[in-house]
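Colleague: Position 117 (the sequence shown) corresponds to 113 in this note's numbering; numbering is contiguous. We put the beta carbon where it would ideally sit given N, CA and C, even for glycine.
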Amino acid sequence: MAPPEEVRAQLARCGQSHLLRFWAELGPAQRAALLAALPPGLGEHCRLAAAAGARQRGPPERLDGRMEPLPGRLLGSARRSGLAALERWEPEKTSCGRRDTCLCCDKCAHSLDLNLPAKRWGWVGRGVKISKQKQK
């Protein structure tokens, strides 16, 4: 059974005739569901969608110009934090068993900083090695 001619014509006008590509493989219930799912204003909807897509054909908007750094009051600081806040963060800081720059697990590997002072190069070397192993 071929799709109704009026449906075929409507979809062709909207540029959506590909929706009927598998019509022959559908059962009667699936065909009825497909026809019921076609909205009455499909042509207008497709025209509006095509116009919106045409307006946005340019390069995507860069967000760099609108981004601003977070205010210092939103960032944590051992110097500015009270004793209670530092005590709340103590378990987090030592969750990997180290009290220093922690590179032993995924959770803490982001703390790797290649600009560490020279006395910390052992940590940096270990961190680079760990990150290379994780990339494999």
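Rounded to whole angstroms, what is the Cα-Cα separation between Arg75 and Arg62?
Modeller: 30 Å
Colleague: What's the C-alpha gap between Trp19 and Leu59?
Modeller: 44 Å
Colleague: Rounding to the nearest angstrom, what Cα-Cα distance links Ala133 and Arg4 in this structure?
Modeller: Only positions -3 to 132 of the chain appear in this structure, which leaves residue 133 out of reach.
Colleague: Going residue by residue through the region 3 to 33, where are the continuous beta strand (DSSP E) segments of at least 3 residues, counting only ones entirely within it?
Modeller: DSSP assignment within the region 3 to 33 yields no whole beta strand (DSSP E) run of 3 residues or more.
Colleague: Checking 8 Å against the spacing of the C-beta atoms, do Leu31 and Gln6 come in under that value?
Modeller: Taking 8 Å as the Cβ cut-off, Leu31 and Gln6 do not qualify as a contacting pair.
Colleague: Distance check for Ala45 and Arg51, CA to CA, integer angstroms please.
Modeller: 10 Å
Colleague: Between the beta-carbon of Gly68 and the beta-carbon of Cys42, is there less than 8 Å?
Modeller: no
Colleague: Tell me the residue span of the alpha helix (DSSP H) that contains Ala50.
Modeller: 38 to 51
Colleague: If the criterion is Cβ atoms closer than 8 Å, does the pair Pro(-1) and Leu16 meet it?
Modeller: yes
Colleague: Going by DSSP in three states, Leu82 sits in which element: helix, strand or coil?
Modeller: helix
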